[in-house]
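Everything on this sheet refers to the single structure shown next.
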Amino acid sequence: MAEEQRALLGAEGGDGPAGPAGSPGPPRALPAACDPRRLPHRLLVLALMCFLGFGSYFCYDNPAALQTQVQRDMKVNTAQFMALYAWYSWPNVVLCFFGGFLIDRVFGIRLGTVIFSIFVCAGQVVFALGALFNTFWLMEVGRFIFGIGGESLAVAQNTYAVSWFKGKELNLVFGLQLSMARIGSTVNMNIMGWIYSRVQDLLGYTGPSTLGLALLIGGVTCLFSLSCALILAYLDRRAEKLLCKEQGKTGEVIKLTDVKDFSLSLWLIFVICVCYYAAVFPFIGLGKVFFIEKFRFSPQEASAINSIVYIISAPMSPVFGLLVDKVGKNIIWVLCAVVTTLASHIMLAFTFWNPWIAMCLLGVAYSLLACALWPMVAFVVPEHQLGTAYGL
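Using numbering that gives the first Met the number 0, you'd call the opening residue of the sequence shown number 0 and step up by one each time.
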């Protein structure tokens with residue numbers, strides 16, 4: 000590490016060719032892929048950041064992708080099935096805040112990310128073992144453990160993004176992270192049923208064992224994300240030493256009481272986030288029934304149109320992130336996204352126009368809001384409070 004540091008900083012006192020025999024010349028500059036200030040290295044870090052949450056987003060909707068199989072193999076009704084999502088959500092009522100606080104004050108970003116990734120892996124394994132042993136309550140425990148790590152890992156991902164890309168690139172980075180999250184959800188929806196079928200062909204029968212093995216195979220994505228967390232922790236620590244980042248820190252640490260001193264601008268961002276997501280995610284959760292009842296779609300057609308929001312957000316998020324980076328004026332883009340979302344809901348509620356139009360508008364608006372809103376937190380919060388702010 001010391002040699003890398005000298006290579007990065009250069010040998011200002013050793014200009015000229017190599018000295019006499021036995022005397023080393025000036026250190027060579029680091030390759031671009033190893034220099035934390037150079038684009039190739041930062042692109043590597045960005046890729047690791049994006050894949051950091053891939054496993055979590057992939058496995059979060061494993062129950063939805065295998066709803067028929069879960070209810071049949073585990074012999075549970077719809078209410079019991081939905082409890083798998085409730086158990087994921089309960090710890091996140093408070094743990095997102097405390098997860099952010101732990102990142103800021105206790106663990107630090109590197110250790111915190113690894114710990115939350117381990118929770119995600121452990122939760123998915125317990126969830127799969129519950130199916131394997133035909134024990135539904137164990138599946139619920141697994142989802143609870145998974146929830147402890149899942150949303151806090153997203154907080155860590157956002158904090159990493161601000162640490163490495165604070166400035167005009169941040170909107171694009173958040174767009175790319177959102178895109179990878181939606182790719183994870185989409186891949187899960189399209190591949191878990193196929194994995195279940197292949198396991199069924201291998202075993203020759205359906206049942207809890209088939210379901211458990213399919214979920215364990217899906218859990219490989221969580222191990223992949225944990226590997227990304229470990230590599231990212233090493234690269235971040237290395238960059239901190241090479242660039243002497245610690246020298247530029249203020250020495251301030253966050254306290255729980257700091258929350259009451261958060262600016263009005265930050266609380267308004269929270270209000271926008273809560274109100275907007277309350278208008279989008281519950282609708283998507285119940286959208287399939289809505290399209291079947293109002294527009295007389297078949298279940299397959301209803302599923303297709305209900306998923307279009309995520310499908311659009313995957314490619315459009317980085318595009319909008321780049322656009323917001325170039326133009327700026329984040330609050331204007333947020334306002335445009337909110338108005339577009341309102342228009343799409345009005346179209347769906349009060350007209351019988353082709354619902355594909357409204358849902359495509361909703362997908363575009365959702366992508367735009369996420370790219371413009373989340374980076375605004377970094378504009379109004381000191382760096383030592385970022386984890387807690389993103390947790391809230």
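Glycine included, C-beta positions come from ideal geometry on N, C-alpha and C.
Here's the rule I'm using: 16 or more other beta-carbon atoms within 10 Å means buried, otherwise exposed. How should F290 be labelled?
buried
According to DSSP, is R395 part of a helix, a strand, or is it coil?
Nothing can be reported for residue 395, as the shown portion of the chain is limited to 0 through 391.
For C456, the three-state DSSP class (helix, strand or coil)
Absent from the model: residue 456. The displayed extent of the chain is 0 to 391, so no value can be given.
Leaving aside the five residues before and after F106 along the sequence, list all residues of the same chain whose C-beta is less than 8 angstroms from its C-beta, in chain order.
I114
Quick one: using the 10 Å Cβ neighbour count with 16 as the cut-off for buried, is G203 buried or exposed?
exposed
Given that a residue counts as buried once 16 or more other Cβ atoms are within 10 Å of its Cβ, and exposed if not, what is L267?
exposed
Residue interval of the alpha helix (DSSP H) (run including G420)
Since the displayed the chain opens at 0 and closes at 391, residue 420 lies outside it and no answer follows.
Neighbourhood of M138 by C-beta, 7 angstroms cutoff - its chain only, sequence neighbours within 5 removed:
Same-chain partners within the cutoff: L83, F126, G129 and A130.
Taking 6 angstroms as the limit between beta carbons, can you name the residues of its chain near S366, skipping five residues before and five after?
S312, M315, S316 and F319
According to DSSP, simplified to helix, strand and coil, what is D60?
coil
Cα-Cα separation between W352 and I345, rounded to whole angstroms:
11 angstroms
Check whether the segment 327-343 and the segment 184-191 touch, using three or more Cβ-Cβ pairs below 8 angstroms as the test.
With a cut-off of 8 angstroms on Cβ pairs, the segment 327-343 is not in contact with the segment 184-191, counting fewer than three such pairs.
Do the segment 195-211 and the segment 41-57 meet, that is, are 3 or more Cβ pairs less than 8 angstroms apart?
With the cut-off at 8 angstroms, the segment 195-211 and the segment 41-57 do not touch.
Starting from Y204, trace the alpha helix (DSSP H) both ways and give me its first and last residue.
Counting along the chain, Y204 falls outside any alpha helix (DSSP H), and DSSP gives it neither H nor E.
So, is V469 buried or exposed, given that buried needs 16 or more other C-beta atoms within 10 angstroms?
The chain is shown only over 0 to 391; residue 469 falls outside these bounds and no answer can be derived.
Indicate the three-state DSSP secondary structure (helix, strand or coil) for V44 in the structure shown.
helix
Which same chain residues end up closer than 7 angstroms to I102 when comparing Cβ atoms and leaving out the 5 residues on each side of it in sequence?
I108, G111, V154, A155, T158 and G386
How long is the line joining the alpha carbons of S162 and F135, rounded to whole angstroms?
41 angstroms
Which first and last residues belong to the alpha helix (DSSP H) in which E150 is found?
F135 to F164
Excluding the 5 residues flanking R142 on each side, which residues of the same chain have their C-beta closer than 7 angstroms to its C-beta?
L83, W86, Y87, G122 and F126
So, W89 versus G148, is the Cβ gap smaller than 8 angstroms?
no
Count the other CB atoms within 10 Å of the CB of D235; is the residue buried (16 or more) or exposed (fewer)?
By the neighbour-count definition (other C-beta atoms within 10 Å, threshold 16), D235 is a buried residue.
Going by beta carbon distance, what residues of the same chain come within less than 6 angstroms of T205, once the five residues before and after it are set aside?
Q199
Whole-Å CB distance - N329 paired with A371, under 8 angstroms assumed:
4 angstroms
What is the DSSP secondary structure of V380, reduced to helix, strand or coil?
coil
Three-state secondary structure assigned by DSSP to W86
helix
Tell me which residues share the same chain as M375 and place their Cβ nearer than 7 angstroms to its Cβ, disregarding the 5 neighbours each side in the sequence.
I268 and N329
CB contact flag (L51, C221, <8 angstroms)
no
Going by other Cβ atoms of all chains shown within 10 Å of its Cβ, with 16 needed for buried, is R41 buried or exposed?
Its Cβ being crowded by 16 or more others within 10 Å, R41 is buried.
For K293 and G362, I'd like the C-alpha separation in whole angstroms.
20 angstroms
Have a look at K287, S55, S297 and A364 and flag the residue whose alpha-carbon is nearest the alpha-carbon of L152.
S55
Need the endpoints of the alpha helix (DSSP H) that N353 sits in, please.
That residue, N353, is in no alpha helix (DSSP H); it is neither H nor E in DSSP.
Ignore the nearest five residues each way along the sequence and tell me which others in D60's own chain have a CB closer than 8 angstroms to its CB.
S184, N187 and M188
First through last residue of the alpha helix (DSSP H) which encompasses R37
That residue, R37, is in no alpha helix (DSSP H); it is neither H nor E in DSSP.
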